[in-house]
Ligand SMILES: [Fe+2]
Ligand SMILES: [Fe+2]
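In the working numbering, the protein residues as written are 3 to 195.
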């Protein structure tokens, strides 16, 4: 990263953006692998959820990358090999990752960006934080269904999820005219199955 091009006051914000970019890039890789495993486990609805969340993480990564470049940095991430287990365990791993981002990572990064009044960074962190909450809710629901042996529920059959192309907000059904997080028009949402 060409550190000399980054204004001193933005150094920590850029460091956080890079950490978030790396996290989101790896989450995308992880969920993509988990989707393949879920299909093999005949949990096609869970596979659809993993694919939708993977798409959302890709949106977060590119939003973060845009701000990194605006601040004079360069987005790069090391993608780690993915370890897949049973789909139930993969769902729990995914939920754990989302919880970490919701409870510690994004609130801390947001706070730091606020200190420097960096509105572009605040926006990309906030959008990701709010979208991760939708993933955590959907993963929790899927875990309860798999643990409850509800093989006839939505986790079993491939289904549509709706992903906001701007912020990654993810929903199991069309909700309103606009994305509740970023105000994007609902008709622009991507349908991921
Ligand atoms: Fe997520
Ligand atoms: Fe959105």
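Idealized CB from N, CA, C, for every residue including glycine.
C-alpha gap between residue i and residue j, whole angstroms
| i | j | result |
| --- | --- | --- |
| residue 135 | residue 100 | 7 Å |
| residue 146 | residue 108 | 26 Å |
| residue 17 | residue 155 | 42 Å |
| residue 24 | residue 45 | 28 Å |
| residue 133 | residue 7 | 31 Å |
| residue 158 | residue 166 | 24 Å |
| residue 69 | residue 110 | 17 Å |
| residue 161 | residue 47 | 6 Å |
| residue 79 | residue 61 | 15 Å |
| residue 176 | residue 182 | 11 Å |
| residue 86 | residue 168 | 29 Å |
Beta-carbon proximity check, residue i vs residue j, cutoff 8 Å
| i | j | result |
| --- | --- | --- |
| residue 20 | residue 75 | yes |
| residue 63 | residue 103 | no |
| residue 98 | residue 129 | no |
| residue 41 | residue 49 | yes |
| residue 67 | residue 172 | no |
| residue 164 | residue 96 | no |
| residue 90 | residue 149 | yes |
| residue 2 | residue 52 | Since the displayed the chain opens at 3 and closes at 195, residue 2 lies outside it and no answer follows. |
| residue 185 | residue 126 | no |
| residue 88 | residue 43 | yes |
| residue 137 | residue 55 | yes |
Bounding residues of the alpha helix (DSSP H) (the contiguous stretch that carries residue i)
| i | result |
| --- | --- |
| residue 33 | 13-42 |
| residue 148 | 121-149 |
| residue 164 | Residue 164 -> not in any alpha helix (DSSP H); beta strand (DSSP E) instead, spanning 163-165. |
| residue 87 | That residue, residue 87, is in no alpha helix (DSSP H); it is neither H nor E in DSSP. |
| residue 64 | 46-72 |
| residue 115 | 108-117 |
Element boundaries [beta strand (DSSP E), containing residue i]
| i | result |
| --- | --- |
| residue 193 | 192-194 |
- [ ] List in chain order the residues whose CB is within less than 6 Å of at least one heavy atom of ligand 2.
- [x] Chain-ordered list of matching residues: 166, 168, 169, 171, 181, 183, 184, 186.
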